[in-house]
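Residue numbers (our numbering): 95 to 499. Glycine included, C-beta positions come from ideal geometry on N, C-alpha and C.
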Ligand code: FAD
Ligand code: PYC
C-alpha cells in the first residue's frame, strides 16, 4: 500500500538553519507551530524558526485525547477558550487542511451535590458570558449518550450532567501538520531534531540566541512553548516558573463500529472517553501523583480509569485495549496558563496549559504571536502573567480543568 505514497511532496520544507532569525520559537507542538503561523499571517513576521528537539507534534499535541470546550469559570479563561473555540470553527478553512474539528458535544457527569453545585455555577457563569452550557437530568444525559448507565444501583450513580454542545474533538496530528504546512508556506523554518541546550544574552541582558545540538542560532526574540519541559528551558535563562511536570496517561481500544456519539468526562471518578473516527475508544486518566519526565506513567492509574469506564459504561467491559502512553503536563498552582513577558528582555513564555491546552491551541498560538510581535499582551491574555503568583491575582480553574491532579 505504501507504494501508492511514492512521489508525495513533503508537506513542509526542512531547511538548513539561518544564522539569525527575528523570532525563534522553542517547541514544535501545536502552540509553537501555531504561534509561528500567526506571526507570519497576522503580523508579517516571517523570519521565524521553530526548533524542535524531537519530531513535530510528538509532545503533548500528539498524545492528548483531543477534547475541546470553553466552559471555564473566570472571565480571563472564558475569553481565551472561547477565542480558541471560534478559531477551531474556521480552522480547516483557514489552514486549507482538514483538522476534523467535530463539535459532537462534551458532557461532564455529576455524581454528587458538590459536583452539581459546581457545574451549575459554571453553567450560569458561561451563559452570562454568552457561552453555551446547560444542565441535563440523568434521563437527558442517557438520551444524549445511550451507553451511559444511569441506574440508581450503579457504583457511581449520576445526579445530572453539564453539556456544552459546541464542544467536541479534533484530529491532533492534523492540527500540528496543518499549522506546520501553513507556516512553512509563509516562509517559517521548521527545524526538527534540534534541541535547545542554552539561551544566550548580551551585555544588556537581552537575548541574543540559542545554543542547540546543531550549533548556535541567533535570535532577536525567543518564544518558549515547551509544555512539560518549560522549567528546563527557562532555567537556561535563569528564570524560575511556578510549574510542576507530571505524567498524564491515555489509552485506546481496539476499533469498534460507531457506538459512542459524544465526549463524556467524569472528574470525580477520573475518566474521560470519546470515539475516534478510526473507531477506537479514546480514554484518559487523571495525572500520576508524582513529578516526572517519564512519558509512561504508573499502570495502576490507567487500570483505575478503566475500572471507572466499565462502571459508567458496562457495555464496554469486554473491549480490549490496544495502546497506552503518557505525556508530560506542566501544571501551575492555579491551573491556568502563563503567557507572558519575562524578566529577560526578548524572552517570552507560553506554558502552564497542563492537562488542558489542546483545546487552547489556536487561541493560545494566536495570542502568543500577538505578545511576541507587539511586545505587549492582547486583552485576552493580559491576565496570564507570571507576576500573578507574586501578587496573588490567581485564576483558580482547578474545577474547570476537570482532570484529577
Ligand atoms: P507540546 O505538543 O508538548 O509541544 C512542546 C514541544 O516542545 C515538544 O514537541 C517538545 O519536544 C519540545 N521541546 C521541549 N524542550 C525542548 C528543547 N529544549 N528544545 C527544542 N524543543 C523542545 N488538552 C485538552 O485540551 N484536551 C484534552 O483532551 C487533553 N488530553 C490530554 C491527554 C493527555 C494524555 C495529555 C498528556 C495531555 C492532554 N491535554 C489535553 C493537554 C494538551 O495535550 C497540552 O496542553 C497541549 O497539547 C500542549 O501543547 P503544546 O504545543 O504547548 O505542547
Ligand atoms: O481539558 O478537557 C480537558 C481534558 C480532557 C482530558 C484531558 N484534558
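- Counting C-beta pairs closer than 8 Å gives three or more between the stretch 118-132 and the stretch 142-152, which meets the contact rule.
- Under the three-state reduction of DSSP, residue 271 is assigned to helix.
- A buried status is given to residue 369, since no fewer than 16 other beta-carbon atoms sit within 10 Å of its beta-carbon.
- Judged by DSSP secondary structure, residue 256 falls within the beta strand (DSSP E) whose first and last residues are 254-258.
- Note that the stretch 176-193 touches the stretch 258-268; at least 3 beta-carbon pairs, one per stretch, sit closer than 8 Å.
- Residue 333 and residue 117 have their alpha carbons spaced roughly 19 Å apart.
- Taking a C-beta distance under 8 Å as the contact criterion, residue 454 and residue 174 qualify as a contact pair.
- When the Cα atoms are used, residue 446 and residue 424 turn out to be separated by approximately 5 Å.
- Distance between residue 235 and residue 188, taken at the CA atoms: about 34 Å.
- Apart from the 5 residues on each side of it in sequence, residue 316 sits with its Cβ closer than 6 Å to the Cβ of 118, 301, 441 in its chain, given in chain order.
- Restricting attention to beta strand (DSSP E) runs no shorter than 3 residues, the stretch 351-437 encloses them at 357-360, 365-369, 374-381, 415-425, 432-435, ordered along the chain.
- Distances taken from the Cβ of residue 396 to the heavy atoms of the ligand PYC include none shorter than 7 Å.
- One thing to note: residue 497 has its Cβ within 8 Å of the Cβ of residue 380.
- Look at residue 328 here: in three-state DSSP terms it is helix.
- Within the same chain, 291, 292 come within 6 Å of residue 305 by CB-CB distance, once the 5 residues on both sides are set aside.
- Per DSSP, reduced to three states, the secondary structure at residue 231 is coil, with no helix or strand assignment.
- Taking residue 268 as the centre and dropping the five residues before and after it, the same chain places the C-beta of 191, 192, 193, 194 closer than 8 Å to its C-beta, in chain order.
- Secondary structure note for residue 126: it is in no beta strand (DSSP E), and the uninterrupted alpha helix (DSSP H) holding it is 124-137.
- Under the three-state reduction of DSSP, residue 310 is assigned to strand.
- Nearest Cα to residue 318 within the set 457, 432, 141: 432.
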